[in-house]
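Undergrad: From first to last, the protein sequence lines are chains A and B. Per the working numbering, the first sequence starts with residue 4, numbered consecutively. Per the working numbering, the second sequence starts with residue 17, numbered consecutively. Idealized CB from N, CA, C, for every residue including glycine.
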Amino acid sequence: MYKQSFRFSLSALVCAGLLSACAPFSIKPPSGFVEVQDYSRHTRMKAHDHVGLSVRTFANMRGGTQAFWAEDLVKKLGMRGYTLVGQRAVKSKNGKVGTRLDFNYVPPGTDEQKFYIAVLFVTDEYRTVVQLAGDAEHSATYQARVDEVLGSLKVRGCRLGSKICGGSQPPPLQTSPPAPAPAQEAQPPSGGQPVQPVQPTTAPVNQPA
Amino acid sequence: MASKESRAPSPQMADAAAGPGYGGGGMAERGDYMAMEESDYDAVADEDDMVEAEFAEAPAEPAPPPTPARELERTEPTALGNSAGKQKEPAVQTQPDDKPQKFTRQIIYTADMTISVFNQEDAMQKAEVIATQAGGYVQSMSTGVYVLRIPAAELRRVMEDLGGLGVVENRNLQSRDVTEEFFDLKTRIEVLEGTHAQLLALLKKAKSVKEALAVREALDKVTLELEQAKGRLRVLQSLIGMSTLTVRIEERGPHTSYPDSDDPFPWVDSLGVEATEWK
Numbered sequence: 004m005y006k007q008s009f010r011f012s013l014s015a016l017v018c019a020g021l022l023s024a025c026a027p028f029s030i031k032p033p034s035g036f037v038e039v040q041d042y043s044r045h046t047r048m049k050a051h052d053h054v055g056l057s058v059r060t061f062a063n064m065r066g067g068t069q070a071f072w073a074e075d076l077v078k079k080l081g082m083r084g085y086t087l088v089g090q091r092a093v094k095s096k097n098g099k100v101g102t103r104l105d106f107n108y109v110p111p112g113t114d115e116q117k118f119y120i121a122v123l124f125v126t127d128e129y130r131t132v133v134q135l136a137g138d139a140e141h142s143a144t145y146q147a148r149v150d151e152v153l154g155s156l157k158v159r160g161c162r163l164g165s166k167i168c169g170g171s172q173p174p175p176l177q178t179s180p181p182a183p184a185p186a187q188e189a190q191p192p193s194g195g196q197p198v199q200p201v202q203p204t205t206a207p208v209n210q211p212a
Numbered sequence: 017m018a019s020k021e022s023r024a025p026s027p028q029m030a031d032a033a034a035g036p037g038y039g040g041g042g043m044a045e046r047g048d049y050m051a052m053e054e055s056d057y058d059a060v061a062d063e064d065d066m067v068e069a070e071f072a073e074a075p076a077e078p079a080p081p082p083t084p085a086r087e088l089e090r091t092e093p094t095a096l097g098n099s100a101g102k103q104k105e106p107a108v109q110t111q112p113d114d115k116p117q118k119f120t121r122q123i124i125y126t127a128d129m130t131i132s133v134f135n136q137e138d139a140m141q142k143a144e145v146i147a148t149q150a151g152g153y154v155q156s157m158s159t160g161v162y163v164l165r166i167p168a169a170e171l172r173r174v175m176e177d178l179g180g181l182g183v184v185e186n187r188n189l190q191s192r193d194v195t196e197e198f199f200d201l202k203t204r205i206e207v208l209e210g211t212h213a214q215l216l217a218l219l220k221k222a223k224s225v226k227e228a229l230a231v232r233e234a235l236d237k238v239t240l241e242l243e244q245a246k247g248r249l250r251v252l253q254s255l256i257g258m259s260t261l262t263v264r265i266e267e268r269g270p271h272t273s274y275p276d277s278d279d280p281f282p283w284v285d286s287l288g289v290e291a292t293e294w295k
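(1) Does any residue of chain A bring its CB to less than 8 angstroms from the CB of residue 130(B)?
(2) If contact is defined by three or more beta carbon pairs under 8 angstroms, each pair taking one atom from either stretch, is the stretch 206-215 of chain B in contact with the stretch 234-243 of chain B?
(3) Keeping to the same chain, check which residues put their C-beta closer than 8 angstroms to that of residue 55(A); ignore five residues upstream and five downstream.
(4) Kindly say whether residue 34(A), judged by its beta-carbon, lies nearer than 8 angstroms to any beta-carbon of chain E.
(5) How big is the Cα-Cα spacing for residue 286(B) and residue 58(A)?
(6) According to DSSP, is residue 266(B) helix, strand or coil?
(7) According to DSSP, is residue 42(B) helix, strand or coil?
(8) Any beta-carbon of chain B closer than 8 angstroms to the one on residue 134(A)?
(9) Based on DSSP bridge pairs, tell me the residues matched to residue 128(B).
(10) Any residues in the stretch 68-89 of chain A with a beta carbon nearer than 7 angstroms to a beta carbon of chain B? Which ones, in chain order?
(11) Grab me the residues of residue 190(B)'s own chain with a C-beta within less than 6 angstroms of its C-beta, minus the 5 sequence neighbours each way, in chain order.
(12) Terminal residues of the continuous alpha helix (DSSP H) containing residue 146(B)?
(13) Determine the burial state of residue 252(B): buried for a count of at least 16 other Cβ atoms within 10 Å of its Cβ, exposed for fewer.
(14) Count the other CB atoms, across all protein chains shown, that sit within 10 Å of the CB of residue 155(B); report buried if there are 16 or more and exposed otherwise.
(15) Between residue 289(B) and chain A, is the shortest Cβ-Cβ distance under 8 angstroms, so that the two count as touching?
(16) Pull up the CB-CB distance for residue 76(A) and residue 90(A), whole angstroms please, since I reckon it's below 8 angstroms.
(17) Grouping DSSP H, G and I as helix and E and B as strand, with all else coil, what is residue 103(B)?
(18) Please give the ranges of any beta strand (DSSP E) in the stretch 152-189 of chain B, keeping only runs that are unbroken, at least 3 residues long and fully inside the region.
(19) Below 9 angstroms on C-beta distance, what does residue 61(A) contact in chain B?
(20) Taking the alpha-carbon positions, what's the residue 131(A) to residue 157(A) distance?
(21) Measure the Cβ-Cβ separation of residue 101(A) and residue 122(A) and say whether it is below 8 angstroms.
(22) Can a CB atom of chain B be found closer than 8 angstroms to the CB of residue 108(A)?
(23) Tell me which same chain residues have a C-beta within less than 7 angstroms of the C-beta of residue 163(B), skipping the five on either side of it?
(24) When you compare only the Cα positions, how much space is there between residue 159(B) and residue 140(A)?
(25) Tell me the DSSP secondary structure of residue 108(A) in three-state form.
(26) Where do the ends of the beta strand (DSSP E) carrying residue 220(B) lie?
(27) Within a Cβ cutoff of 7 angstroms, which residues of the same chain sit near residue 222(B), ignoring the five residues on either side of it in sequence?
(28) Got a sec, what are the start and stop residues for the beta strand (DSSP E) residue 29(A) sits in?
(29) Of all Cβ atoms in chain A, is any one closer than 8 angstroms to the Cβ of residue 120(B)?
(30) Relative to the alpha-carbon of residue 44(A), which residue among 33(A), 34(A), 63(A) and 53(A) has its alpha-carbon at the smallest distance?
(31) I need the DSSP call for residue 40(A), collapsed to helix, strand or coil.
(32) Starting from the beta carbon of residue 209(B), find every residue of chain A whose beta carbon is closer than 7 angstroms, and list them in chain order.
(33) Under the three-state reduction of DSSP, which class applies to residue 59(B): helix, strand or coil?
(34) Counting only runs of 3+ residues fully inside the stretch 85-159 of chain A, write out the beta strand (DSSP E) ranges in chain order.
(35) Measuring only the C-alpha atoms, how far is residue 95(B) from residue 247(B)?
(36) Could you name the residues that DSSP lists as bridge partners for residue 55(A)?
What follows is the structure in structure tokens.
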């Protein structure tokens with residue numbers, strides 16, 4: 004009886020461990036954040052000041068590199084009215100190198116200044132995006148906490164001898180002026196005034212662990 | 017004398033007039049004709065004439081918002097023409113009998129549109145205000161869907177105003193020309209009224225109960241048919257005067273904030289401030 008229970012528990016542990024290892028990422032809620040949604044490929048957390056933290060993964064595609072997807076991300080966010088104000092290389096807890104992109108944003112039809120930080124990690128299997136967003140008044144606080152957040156993030160999906168995971172960073176990117184606003188919106192998105200520009204970008208990090 | 021339409025607060029009543037309970041010119045409403053004296057018949061006849069008089073006077077009533085009767089005065093299809101709002105004397109009803117009648121187009125407009133907005137609740141409130149200010153009203157409402165009745169002359173402007181609430185995803189306008197049916201009904205009503213008057217005259221001249229009963233039977237059939245035709249005409253006038261506009265208001269998230277159907281990698285659609293921030 005006890006033997007069977009022990010075997011079952013062991014099996015459950017092994018399965019749980021395997022599942023955990025297969026998940027595209029893992030992250031512990033940083034201090035001040037609570038997890039409100041947790042799916043295998045999408046996690047959302049919030050802080051008291053309504054700043055949101057989200058981690059989302061997408062399957063990578065053949066040929067998709069860090070530089071390619073970073074450029075794609077910046078270009079498309081730029082079309083939506085986001086203004087890139089900072090770019091630099093960062094590392095996750097398990098040493099994967101990503102690209103941190105800081106944006107300013109004013110949602111269409113409002114005059115609310117927002118900050119938006121997207122950190123992109125591209126591995127052979129996945130594209131993982133860590134997002135932080137909230138009112139611009141909190142931007143300085145959370146821009147300073149990005150490294151802390153990434154310090155609790157593990158990104159998976161690298162293969163042995165992968166060229167994707169050790170790929171080069173994108174060149175300095177910039178958002179083009181926003182495309183014409185969606186038809187007849189109350190107010191077109193403005194590029195927004197720079198809120199708290201992060202330090203000059205494109206600074207390389209140390210070699211990945 | 018106030019017209020029937022002017023007494024009615026909204027065209028809904030005109031719609032209701034065509035319901036199964038309408039057309040009450042027959043026996044059930046008028047009571048037992050067998051027991052009626054000739055003077056009663058006259059009274060019934062006078063009442064019928066009164067209804068007719070009210071009906072004929074209706075187009076001249078200037079009460080805004082446009083009632084179905086007023087829409088008879090339009091000379092052009094209203095939803096698309098700039099002259100739609102111009103009111104003229106009813107061409108058909110004011111023509112002397114010896115002149116050829118002027119047939120104006122009678123068109124029912126039905127429209128629907130889908131708008132995507134960032135704040136659905138706010139947009140729905142604004143949509144209701146736009147409809148009301150144009151002289152229309154909300155016929156029905158469910159989550160994200162309004163069925164509005166809008167004066168035909170205001171339909172185009174209202175659709176433009178509603179489009180300003182967000183991004184118009186699609187917009188349809190259909191028209192149905194009911195000119196033939198409209199004038200058929202009017203002709204039929206005229207003929208039936210003539211027959212009705214003749215039967216009333218015959219009824220007065222009846223010399224026996226048997227004759228009176230025979231005329232009365234014919235009179236009841238004609239009355240019923242006449243009232244049905246009038247009811248149908250009122251429905252048509254309501255539909256012509258008040259266009260039906262179905263508005264679907266969808267909420268836009270970051271994934272729809274920038275339409276780009278050609279994007280082979282739409283992953284960025286699910287990213288952004290709206291997808292991340294908590295309120």
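TA: If we stick to the structure as given:
(1) Chain A, which has no Cβ nearer than 8 angstroms to the Cβ of residue 130(B), makes this no.
(2) They touch, by the three-pair rule.
(3) 47, 48, 49, 134, 135, 136 and 137, listed in sequence order.
(4) Absence of chain E from the displayed structure is noted, the protein chains being A and B.
(5) About 11 angstroms.
(6) Residue 266(B): strand per DSSP, three-state reduction.
(7) Because the pLDDT at residue 42(B) is just 33, under 50, the model does not fix this residue reliably, and the value given afterwards should be weighed accordingly. Shown here, residue 42(B) sits in coil according to DSSP, grouped into three states, outside any helix or strand.
(8) Yes, its Cβ sits closer than 8 angstroms to a Cβ of chain B.
(9) Answer by DSSP bridge pairing, in chain order: 188(B) and 262(B).
(10) The residues in question are 75, 76, 79, 80, 82 and 83.
(11) Spatial neighbours of residue 190(B) in its own chain (CB-CB distance under 6 angstroms, excluding positions within 5 residues in sequence) are listed in chain order as 126.
(12) Boundaries of the alpha helix (DSSP H) harbouring residue 146(B): 136-149, taken from the DSSP string.
(13) Residue 252(B) should be labelled buried.
(14) With 16 or more other Cβ atoms within 10 Å, it is buried.
(15) Yes, contact with chain A.
(16) The beta-carbon distance between residue 76(A) and residue 90(A), rounded to whole angstroms, is 11 angstroms. This is too long to meet the 8 angstroms contact definition.
(17) In this predicted model, residue 103(B) has a pLDDT of only 37, less than 50, meaning its place in the structure is not dependable enough to derive any value.
(18) Every unbroken stretch of the beta strand (DSSP E) spanning 3 or more residues and falling wholly within the stretch 152-189 of chain B is given here in chain order: 153-158 and 161-167.
(19) Per Cβ cutoff of 9 angstroms: 281, 283 and 286.
(20) Going by the C-alpha atoms only, they are around 10 angstroms apart.
(21) Against a cut-off of 8 angstroms, the Cβ pair of residue 122(A) and residue 101(A) comes out as a contact.
(22) Yes, because at least one Cβ of chain B sits closer than 8 angstroms to the Cβ of residue 108(A).
(23) Around residue 163(B): 155, 156, 260 and 262.
(24) Cα to Cα, the separation comes out at about 35 angstroms.
(25) Three-state result, residue 108(A): strand.
(26) For residue 220(B), no beta strand (DSSP E) encloses it; the enclosing alpha helix (DSSP H) starts and ends at 195-221.
(27) Here the set comprises 228 and 231.
(28) Per DSSP, the unbroken beta strand (DSSP E) holding residue 29(A) starts and ends at 28-30.
(29) No, because no Cβ of chain A sits closer than 8 angstroms to the Cβ of residue 120(B).
(30) Residue 63(A) is the option with its Cα nearest to residue 44(A).
(31) Reduced to three states, the DSSP call for residue 40(A) is strand.
(32) Taking the beta carbon of residue 209(B) as reference, no residue of chain A falls within 7 angstroms; the closest one sits roughly 51 angstroms away.
(33) Residue placement at residue 59(B) is poorly supported in this model, since its pLDDT is 38, which falls under 50; the coordinates are not used for a value here.
(34) Counting only runs of 3 or more, we get 86-94, 100-108, 117-125, 129-138 and 156-158.
(35) With a pLDDT of 42 at residue 95(B), under the threshold of 50, the predicted position of this residue should be treated as unreliable, and no value is reported.
(36) Bridge pairing for residue 55(A): 49(A) and 136(A) [DSSP].
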